[in-house]
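K.L.:
In the numbering used here, the protein residues as written are 18 to 172.
1) Is it true that the region 20-32 meets the region 42-56, where meeting means three or more beta-carbon pairs spaced less than 8 Å apart?
2) Which runs of the alpha helix (DSSP H) at least 4 residues long sit entirely within the region 39-72? Give them in chain order.
3) Do three or more CB pairs link the region 88-95 to the region 54-74 at distances below 8 Å?
4) How many Å lie between residue 91 and residue 20 at the Cα?
5) By a C-beta neighbour count over all protein chains shown, 10 Å radius and 16 as the cutoff for buried, is residue 114 buried or exposed?
6) Secondary structure at residue 112, three-state DSSP: helix, strand or coil?
7) Taking 6 Å as the limit between beta carbons, can you name the residues of its chain near residue 24, skipping five residues before and five after?
8) What residues are listed by DSSP as bridge partners for residue 75?
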């Protein structure tokens, strides 16, 4: 078996990868194997697959769709497995990997630093927590704050 396409794709957490995972199964003489049941199993990252199994077509090709887990930066891995039709032995053909990137934040909640009064220099920074569409806290999101400093008599 060899991976044809779909390995090492970047994607957003909790979303299906843009391209399907594609494998080709061949026998010892490099001939395509038709009708081989292939299992696709998520082994890291907590994602899901659409069907979980696929039979190879006449060209020995099988495909699957993969939705990534919900934690950005976490390792994402999926094994391609089968049972040998002749011997019944378990086979692990290979592993697909993916990169789960945080999407744009769905919300930002203040954590502190608002409603301060005093001299401009010693004020504490404003802090916020951003969350992905799946509700997971996201790190290193660039947020832009808007506002203005008020003079003492304006406050």
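Cβ coordinates follow ideal geometry from the N, Cα and C atoms, glycine included.
P.N.:
According to the structure shown:
1) no
2) none
3) yes
4) Within the chain shown, residue 91 is the residue found at index 74, counting from 1. Within the chain shown, residue 20 is the residue found at index 3, counting from 1. When rounded, the distance between both Cα atoms is 22 Å.
5) In the chain shown, residue 114 corresponds to position 97, counting from 1. Of the residues assessed, residue 114 falls on the exposed side of the cut-off, its CB having fewer than 16 other CB atoms within 10 angstroms.
6) For the purposes of this step, residue 112 is identified with residue 95 of the chain shown, where counting begins at 1. Strand, per DSSP.
7) If you number the chain shown from 1, residue 24 lands on position 7. Counting only Cβ-Cβ distances below 6 Å, and skipping sequence neighbours, we find 113.
8) Position 58 of the chain shown, counting from 1, holds the residue named residue 75. Answer is none; residue 75 lacks a bridge partner.
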